[in-house]
Structure formats: C-alpha cells, structure tokens
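First comes the structure, then the notes that go with it.
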Amino acid sequence: MKEFDDIRDDQIRVIGYTKSKWVPSSNLKRYLISAIIIIVLGILIVVLVKIRQSTLYEPEPALFEPEVAYITSEPVDKGWIGSEIDSTAAGFTEIVDTTINDIPLRIYIPHNAQMTLHLGKLDKSDPEIIFAAQAADVRADNGGIVGAFVLKGEQKSRGLAKRGYCAIIDDKISIGVAENTPLFEESTAKGGYFFRQYPLVDNGLLVDNEPKGKSIRRAICDRKGEILVVESLTQESFHDFAQVLVDLGVDNAIYLVGSNAFGWAVSEDGTHHKFGDENILKGRRGLPKNTSYVVWRKRPPYKIK
2 MKEFDDIRDD QIRVIGYTKS KWVPSSNLKR YLISAIIIIV LGILIVVLVK
52 IRQSTLYEPE PALFEPEVAY ITSEPVDKGW IGSEIDSTAA GFTEIVDTTI
102 NDIPLRIYIP HNAQMTLHLG KLDKSDPEII FAAQAADVRA DNGGIVGAFV
152 LKGEQKSRGL AKRGYCAIID DKISIGVAEN TPLFEESTAK GGYFFRQYPL
202 VDNGLLVDNE PKGKSIRRAI CDRKGEILVV ESLTQESFHD FAQVLVDLGV
252 DNAIYLVGSN AFGWAVSEDG THHKFGDENI LKGRRGLPKN TSYVVWRKRP
302 PYKIK
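Counted the way this note's numbering counts, the sequence shown spans residues 2 to 306.
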C-alpha cells in the first residue's frame, strides 16, 4: 500500500472499507436443511392422521364390550305404528317401544277409545279410562290454566302463552300450531274441548322452544291421521325431542306436561302401566285444582258394567 503522502496535489484520497458477503458455514447449512425436513415430515404426519380419522372403517368385533348399533326401528317405515284391532273389542292402549337417534321412546296408541279433556282430580280406579296424561300447564302465580282451555264447550281460560293447540270437536282430534284458530270458537259452540301447549312439530317441521333444560318429554302427535302419545324414556331437550318426532314421521305434535307428571295406560290384558311419580298426588295440598288431563275412555257400548 502506498503511503498517505504518496499522492499528487490535485488528488483526493478516500479512506474506507470493502463490505464482505456473509457465507454460512457448512454445518449451519446442514442444520437448516434438517429443520426443514422435520417440519415437512410433521405436516405430512398430521395430514395423514386427519385423513385416517375421517375414513370410515369397520370396527373389530369385541366379545365383552361389543359395538352397540342404534337403528331407526320399524315403525318409521310403516304407514301406521299401531296394530289392526277388531273394532268390536274393548278399548285398550297399545304400547310400542322403539329407539330413534339413540333416544329410547315409548309410544302409546289408544284403540277403540274416545278422547276428552278432564279438569281436576282424576279417579285412577275408573275402569273405563285406558289412558291419562297431564295436558295444559298451570300458572305458578295464581294457579290458573296456561293458555286457552275449553271443557265440554265451557271456556275455562283464554290466552296465547303457547301457540300449539289440540281441539276435540265431534270426536275429531285436531293438532296444530297457530296464533289464531277458529277451532277455539268452534269448540265452545259445539260442546267440544280445546287446550294449548308448546308446539313441537308443525306440518313435519321442527319447532324450537325457549326452555333449554332437559327432562322426560311427552307429546300428543298426529302421524298420518293416527293419534299417538310419545314419551322419551331419557331426559331430553325440547329440540332433541322434537327432532325425534320429526324423524319418527310425525306431521303435527304439541307438548304434554312431562317430567314427573303422573299418568297411566291400560294394556290389552288389563295391566296398568304407570309413568311419572304417583306420590305427587299424595302431597300435603295435592295437585292444583286446575290440573288438566287428556283422557281416553272406552267407547260405548263397550263400557265395563
């Protein structure tokens, strides 16, 4: 290098440095390549696991804990759920147990019986009754009936707390969902019956309700013209119970008082099949005077003498 004073008078010396280019060492290159390979392999393993989990496969048969297969049972595929019964036979309730969407159900089908409503204490020993279940709800504040209620043409209550309705006029049972229906006035004019409850199924479509808890659920249903009472044997939400009714093929359904509300059905051999808590009838004050029931009684002239 030339000395600093080895320049002419008309020249300028610039003092600086040259920036060198960084070159990674061979070891660092190997580390980077290894890290990339590990990341790629990890991603591939995750993808393969996801694909494996989403692939349907036959489980291996187990001896002590076999796989339980829940299937939609036969009633869904039939026209009617109930059996063909001799019209001259005495009235009784056919009971069918089935499972829909993993939810066990009990279906009550009254035969050769007439449906009415009843208000107040019900005689459990009445030999003419072949099915009874609580119908409308009772107000917690004043003990009145929730929603419109007509008993033998007499209006006992008015109101639209719930849009579901059941009307019994001239022995015809109508179940539906409507804020206003002429069946209310018609039931008063013709000595019929009418009550309101939560709607569950409207023309084959599920109806959601505000209460979100779980309980034993019951419903009165119209399925292809066949009137049924369906009960869940496990505690279910309104939504899941309504979905089960839709999958059962129900056209229209409204709620009946569920939980531990007491009722019973009489099968063909005369056996009483009770549901709910019978002790609820033995409380210090008993049931409210406005407790109501849907009741099927044996049709005349087949009453027990």
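Glycine is no exception: its CB is placed at the ideal position from the N, C-alpha and C atoms.
Being a predicted model, the structure only gives us computed values, none of them experimental.
Cα-Cα separation between residue 130 and residue 267, rounded to whole angstroms
8 Å
Exposure label - residue 290; buried when at least 16 CB within 10 Å:
exposed
How is the beta strand (DSSP E) around residue 123 delimited, first residue to last?
It is not in any beta strand (DSSP E) - residue 123 carries neither H nor E in the DSSP assignment.
Beta carbon of residue 293 nearer than 8 Å to that of residue 161:
no
Are residue 192 and residue 153 touching if we call contact CB-CB under 8 Å?
yes
So, residue 297 versus residue 114, is the Cβ gap smaller than 8 Å?
For residue 297 and residue 114, yes; Cβs fall inside 8 Å.
Does residue 146 pass the burial test, meaning 16 or more other C-beta atoms within 10 Å, or should it be called exposed?
Using a 10 angstroms sphere on the CB of residue 146, the tally of other CB atoms reaches 16 or more, which defines it as buried.
Residue 211 versus 136, 201 and 40, residue with shortest Cα-Cα distance
Looking only at 136, 201 and 40, the smallest Cα-Cα distance to residue 211 is reached by 201.
Name the two residues that bound the continuous beta strand (DSSP E) containing residue 155.
Element bounds for residue 155: 155–158.
Pick helix, strand or coil for residue 162, following the three-state DSSP scheme.
coil
For residue 101 and residue 133, what's the separation of their Cα atoms in angstroms?
Answer to the nearest angstrom: the Cα atoms are 24 Å apart.
Out of 187, 206, 240 and 275, point me to the one whose CA is closest to residue 218's CA.
240
If you draw a straight line from the C-alpha of residue 177 to the C-alpha of residue 46, how long is it?
55 Å
Per-residue DSSP class, three states only, for residue 43
Residue 43: helix per DSSP, three-state reduction.
Element boundaries [alpha helix (DSSP H), containing residue 239]:
239–249 is the extent of the alpha helix (DSSP H) around residue 239.
For residue 209, which residues of its own chain have a beta-carbon under 8 Å away from its beta-carbon, when the five flanking residues on both sides are left out?
239, 240 and 243
Which word fits residue 188, buried or exposed, when buried means at least 16 other C-beta atoms lie within 10 angstroms of its C-beta?
buried
Suppose you measure from the CA of residue 274 to the CA of residue 245; what does that come to, to the nearest Å?
23 Å
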